[in-house]
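Notes to accompany the following structure.
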Amino acid sequence: MFFPVSGVTVDPWIPPLVAFVISFFTSMGGISGAFLLLPFQMSVLGYTHPSVSSTNQLYNIVAIPSGVYRYWKEGRMVWPLTWAVVLGTLPGVLIGAFVRVTGLRDPRNFKLFAAAVIFYIAGKMVMDLIKQQGTAKGGSPGKSGSLAASGNQDTSVTITRRDFKRIGYSFQGEQYDVSVTGIMILCFIVGIIGGIYGIGGGAIVAPFLVTFFGLPVYTVAGAALMGTFVTSVAGVAFYTALAPLYPKLSVAPDWILGILFGLGGMAGMYLGARCQKFVPAKVIKWMLVVILFGTAAKYVVEFLK
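The opening position of the sequence shown corresponds to residue 226 in the numbering used here, with each subsequent residue numbered one higher.
So, in structure tokens, the structure goes:
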């Protein structure tokens, strides 16, 4: 099947299958999987136009609601955290989208930039795992074990504070308290990166929230996915609005290809969110680290060729 917008020729069952497999695993860590779909589109399908970023964000729009619904149904959506992520990330994503169109058109340079971003995220996650090694040895199920290991203990989130300064909530007997300003500043910075990379910004936020703010991955995942969804809607709208200004450049998303990816991601994300509570947090993090380092290494190799 030929997709005229992207110039890609591929069997229509391949995009949803690839998206399903990727999103099943990455959604457990609050990441939509768009950051892995990008190298697949660029390196395997040969889709290197700037519109690959907006197509990636279209995938997020279609796929993410199923995962968010599952986390909400299980009572693990921290809504005050979600809106702080959205308000911080949204302006950054719009700036990043503009930079992608005007300053990072060369696919070779874009791959090097993407590799640097992914290496940084992976390094931060490794640092977080090392710091938590002592806790993991102590066998605390709320921090290093799976939710299923907690028996009859309540696994839902209870909000204890929500105002313009702090967000507080309790989860599995632990109390968490974070600065709204700190989260918004961090999300603004990574939102710029996410807008350039075409993953909505919220995807990069998840590892940072776990690393810098010490929040449990079980409560961060839903907020990060929702943040990615909202900012991806804005990203697609922004790329579409920019398209008429660059008539000789492919900027707007490939709607058919993006929807096919999204349908596979929708199923994978729901199942991933459903299975997350049965998987230890450190296993989820190490899984993401391996994927991140492998993807970044591939980009570096391709840049050096």
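Ideal Cβ placement from N, Cα and C applies to all residues, glycine included.
Treat the numbers as computed from the prediction; the structure is a model and nothing was measured.
Extent of the continuous alpha helix (DSSP H) run through residue i
{"i": "Glu299", "result": "No alpha helix (DSSP H) holds Glu299; DSSP gives it neither H nor E."}
{"i": "Leu474", "result": "Careful: Leu474 lies outside any alpha helix (DSSP H) and carries neither H nor E."}
{"i": "Trp480", "result": "Trp480 to Cys500"}
Cβ-Cβ distance between residue i and residue j below 7 Å
{"i": "Ser371", "j": "Phe250", "result": "no"}
{"i": "Thr385", "j": "Gly393", "result": "yes"}
{"i": "Ser204", "j": "Tyr294", "result": "The structure shown does not extend to residue 204, since the chain is modelled only from 226 through 530, so no value can be given for it."}
{"i": "Gly497", "j": "Met253", "result": "yes"}
{"i": "Ser257", "j": "Met491", "result": "no"}
{"i": "Pro478", "j": "Ser276", "result": "yes"}
{"i": "Val311", "j": "Thr444", "result": "no"}
{"i": "Val476", "j": "Leu467", "result": "yes"}
{"i": "Phe413", "j": "Gly313", "result": "yes"}
{"i": "Phe438", "j": "Val403", "result": "yes"}
{"i": "Ile289", "j": "Phe433", "result": "no"}
{"i": "Asn285", "j": "Ala309", "result": "no"}
Status (buried if at least 16 other CB within 10 Å, exposed otherwise) for residue i
{"i": "Gly317", "result": "buried"}
{"i": "Phe463", "result": "buried"}
{"i": "Lys510", "result": "buried"}
{"i": "Asp353", "result": "buried"}
{"i": "Val526", "result": "exposed"}
{"i": "Pro240", "result": "buried"}
{"i": "Phe486", "result": "buried"}
{"i": "Ala245", "result": "A small correction: the amino acid at residue 245 is Phe; Ala does not occupy that position in the sequence shown. By the neighbour-count rule (16 or more Cβ atoms within 10 Å), Phe245 is buried."}
Nearest candidate by alpha-carbon position, reference residue i, set the options
{"i": "Ala339", "options": "Leu529, Ala521 and Glu527", "result": "Ala521"}
{"i": "Ile355", "options": "Val508, Tyr524 and Pro229", "result": "Val508"}
{"i": "Met494", "options": "Val230, Leu517, Val243 and Phe227", "result": "Val243"}
{"i": "Leu474", "options": "Ser279, Leu450 and Cys412", "result": "Ser279"}
{"i": "Ala448", "options": "Tyr471, Ile484 and Val382", "result": "Val382"}
{"i": "Val442", "options": "Leu485, Tyr345, Ala288 and Leu513", "result": "Leu513"}
{"i": "Leu315", "options": "Leu270, Val415 and Pro478", "result": "Val415"}
{"i": "Leu411", "options": "Thr436, Asp402, Asp388 and Ser395", "result": "Thr436"}
{"i": "Phe228", "options": "Ser395, Ile484, Asn285 and Ile343", "result": "Ile484"}
{"i": "Gln266", "options": "Phe518, Phe433 and Leu482", "result": "Leu482"}
{"i": "Val458", "options": "Leu283, Val269, Ala341 and Thr380", "result": "Leu283"}
{"i": "Pro472", "options": "Val430, Leu262 and His274", "result": "His274"}
Range covered by the beta strand (DSSP E) that runs through residue i
{"i": "Gly254", "result": "Unbroken run through Gly254: none, as it is neither H nor E."}
{"i": "Phe396", "result": "Arg391 to Phe396"}
{"i": "Val508", "result": "No beta strand (DSSP E) holds Val508; the alpha helix (DSSP H) holding it covers Ala506 to Leu529."}
{"i": "Tyr401", "result": "Glu399 to Ser404"}
{"i": "Thr380", "result": "No beta strand (DSSP E) holds Thr380; DSSP gives it neither H nor E."}
At what residue ranges does the region 417-461 contain a whole run of the alpha helix (DSSP H), taking only runs of 4 or more?
Segments of the alpha helix (DSSP H) lying fully in the region 417-461: 427-438.
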